[in-house]
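Notes follow the structure.
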Amino acid sequence: MKRDLLQILDFTKEEVLQLVDWGHRLKNLQERAIPYRPLIGKTLGLLFEKPSTRTRASFQVGMYQLGGDVVFMNPGELQLGRGETVADTAKVLSRYLDVVALRTYTHFTIEEFAQHASIPVINALSDKFHPCQVLADLITIQESFSQLEGLKIVFLGDGNNVASSWVNLAARVPIKLTLGIAPGYEPPPEVLQRAKEEGAQVEIIHDPSKAVKDAQVVYTDVWVSMGQDRERQEKLRALAPYQVTKDLISKAHPKAIFMHCLPAHRGEETVDEVIDGPQSVVWDQAENRLHLQKALLLTLLEQI
Ligand code: CP
Ligand code: NVA
Numbered sequence: 014m015k016r017d018l019l020q021i022l023d024f025t026k027e028e029v030l031q032l033v034d035w036g037h038r039l040k041n042l043q044e045r046a047i048p049y050r051p052l053i054g055k056t057l058g059l060l061f062e063k064p065s066t067r068t069r070a071s072f073q074v075g076m077y078q079l080g081g082d083v084v085f086m087n088p089g090e091l092q093l094g095r096g097e098t099v100a101d102t103a104k105v106l107s108r109y110l111d112v113v114a115l116r117t118y119t120h121f122t123i124e125e126f127a128q129h130a131s132i133p134v135i136n137a138l139s140d141k142f143h144p145c146q147v148l149a150d151l152i153t154i155q156e157s158f159s160q161l162e163g164l165k166i167v168f169l170g171d172g173n174n175v176a177s178s179w180v181n182l183a184a185r186v187p188i189k190l191t192l193g194i195a196p197g198y199e200p201p202p203e204v205l206q207r208a209k210e211e212g213a214q215v216e217i218i219h220d221p222s223k224a225v226k227d228a229q230v231v232y233t234d235v236w237v238s239m240g241q242d243r244e245r246q247e248k249l250r251a252l253a254p255y256q257v258t259k260d261l262i263s264k265a266h267p268k269a270i271f272m273h274c275l276p277a278h279r280g281e282e283t284v285d286e287v288i289d290g291p292q293s294v295v296w297d298q299a300e301n302r303l304h305l306q307k308a309l310l311l312t313l314l315e316q317i
């Protein structure tokens, strides 16, 4: 039975923690330049409708480091762009590839692809979720704090795909998640509802200074996600109070780290002195995408 990762809720708590554990191990092997190539002969497909720097490069490099190959496809250059259906594309690509990662505008496209594919399907970002990002962030958080459980993580700004993935994570690992999000920009009610039913501790605090109080992790993301430019001006005004400044971060836990999935819009959701400052772990965060995704590929290809 093939496994997919369309959202974090597809994995159990034990599977999430095992992925993170393997991420650390693979990072250690890489740092010691010890080759580990269990995926020789396997091919990963990358089907990306939207731009990407980190996700594309880290999946590609990760697959090479594990001994496998990668095929990158721009949907506009496939017959998909001329009307071949998602279902037919999924069936055909399943005959060539061993695993596929998709980055799409609508989450429904990934669900439809997964339904018709006979190989594991990974969500490499959709409008609803970005599971690979938040799973990789757990490696980075563990590098700063010995444990995940009980940490207060505050997500500031827009209730977007990354925020929703944090909500899902809170249903798997007992963190204290606070959403410091402007009224009207919260994650979708069904995402919050399901996570709460599955035991997530999530609170929404609209006042950013109160939201960051005692937080060990202060996290933000762009205010306008890819494909959502129409709302831009109105959103920038509504989210302005949620900008992560030095002053705001000083109200968090004294050992707080600053995280951002990147790309950053410096001067909007945060500023140079925070992103380039002593509490920022954003470059480690970007690196850890590589290690977590290698662990994910090994898991889905049943090598772990
Ligand atoms: N954080 C992230 O997913 O970055 P890219 O859009 O560059 O892949
Ligand atoms: N929320 C952002 C994340 C980019 C990695 C977007 O979807 O554009």
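The sequence shown begins at 14 in our numbering and counts up by one. Using N, Cα and C, we set each Cβ at its ideal position, and we do this for glycine too. Quick caveat: nothing in here was measured; it's all calculated off a predicted structure.
Taking the alpha carbon of asparagine 174 as the reference point, which residue from Thr153, Val295 and Leu138 has its own alpha carbon closest?
The residue from Thr153, Val295 and Leu138 with its alpha-carbon nearest to that of asparagine 174 is Leu138.
For proline 196, tell me which candidate among Gly212, Val204 and His219 has the shortest Cα-Cα distance.
The residue with the shortest Cα to Cα distance from proline 196 is His219.
Opening and closing residue of the alpha helix (DSSP H) in which tyrosine 232 lies
Counting along the chain, tyrosine 232 falls outside any alpha helix (DSSP H), though it belongs to the beta strand (DSSP E) covering 230–233.
Hey, out of Arg245, Gln146 and Ile262, whose CA is closest to valine 167's CA?
The residue with the shortest Cα to Cα distance from valine 167 is Ile262.
Along the alpha helix (DSSP H) that carries alanine 127, what are the first and last residues, could you check?
That run of the alpha helix (DSSP H) goes 120–129.
Distance between arginine 302 and phenylalanine 146 (C-alpha atoms, nearest Å)
The question names phenylalanine, yet the displayed sequence has glutamine at residue 146. One C-alpha to the other measures close to 7 Å.
What is the DSSP secondary structure of arginine 108, reduced to helix, strand or coil?
Coil, per DSSP.
Measuring from the CB of serine 238, is there a heavy atom of ligand 2 at a distance below 7 Å?
For serine 238, the shortest separation between its Cβ and any heavy atom of ligand 2 lies below 7 Å.
Hey, glutamine 306 and glycine 75 are a contact pair by Cβ (cut 8 Å); roughly how many whole angstroms apart?
Indeed they touch by this definition, with Cβ atoms about 5 Å apart.
Just to confirm my understanding: we take phenylalanine 85, look at its own chain, exclude 5 residues before and 5 after, and list those with CB closer than 6 Å. What are they?
The answer, listed in chain order, is Leu59.
Whole-angstrom Cβ separation of leucine 19 and alanine 127, contact assumed at under 8 Å?
Contact between leucine 19 and alanine 127 holds: their C-beta atoms lie close to 6 Å from each other, under 8 Å.
For arginine 250, which of helix, strand or coil comes out of DSSP?
Helix.
Less than 7 Å separating the Cβ of cysteine 145 from some heavy atom of ligand 2?
At a threshold of 7 Å, cysteine 145 does not count as near ligand 2, since its beta carbon sits no closer than that to any of the ligand's heavy atoms.
Which residues in the same chain as leucine 309 place their Cβ atom closer than 8 Å to its Cβ, once the five residues preceding and following it in sequence are excluded?
Cβ within range, chain order: Leu18, Leu32, Ile135, Cys145 and Leu148.
Would you identify the three-state DSSP class for arginine 82, choosing helix, strand or coil?
According to the sequence as given, residue 82 is aspartate; it is not arginine. Residue state, collapsed to three classes: strand.
Apply the 10 Å Cβ neighbour rule to leucine 103 and answer buried if 16 or more other Cβ atoms are within range, or exposed otherwise.
According to the sequence provided, residue 103 is alanine. The question's leucine does not apply to it. The residue is buried, with at least 16 neighbouring Cβ atoms inside 10 Å.
Beta-carbon proximity check, isoleucine 188 vs leucine 161, cutoff 8 Å
Contact: yes.
Assuming the contact rule is C-beta atoms closer than 8 Å, isoleucine 3 and aspartate 111 should be a hit. Round their C-beta distance to whole Å, please.
There is no way to answer for residue 3, as the model of the chain reaches only from 14 to 317.
Out of Val295, Thr312, Leu313 and Glu315, point me to the one whose CA is closest to isoleucine 152's CA.
Minimum Cα-Cα distance from isoleucine 152 among the listed residues Val295, Thr312, Leu313 and Glu315 corresponds to Val295.
Could you tell me how far apart the beta carbons of lysine 259 and glutamate 300 are, in whole angstroms, since I believe they sit closer than 8 Å?
Actually they are not in contact, since the Cβ atoms of lysine 259 and glutamate 300 sit about 24 Å apart, beyond 8 Å.
Leucine 161 lies in the beta strand (DSSP E); which residues open and close that run?
Careful: leucine 161 lies outside any beta strand (DSSP E) and carries neither H nor E.
Taking the alpha-carbon positions, what's the leucine 39 to histidine 304 distance?
When rounded, the separation of the alpha-carbon atoms in leucine 39 and histidine 304 is 6 Å.
Please name the residue or residues paired with valine 113 in a DSSP beta bridge.
Gly58 and Val134, per the DSSP bridge assignment.
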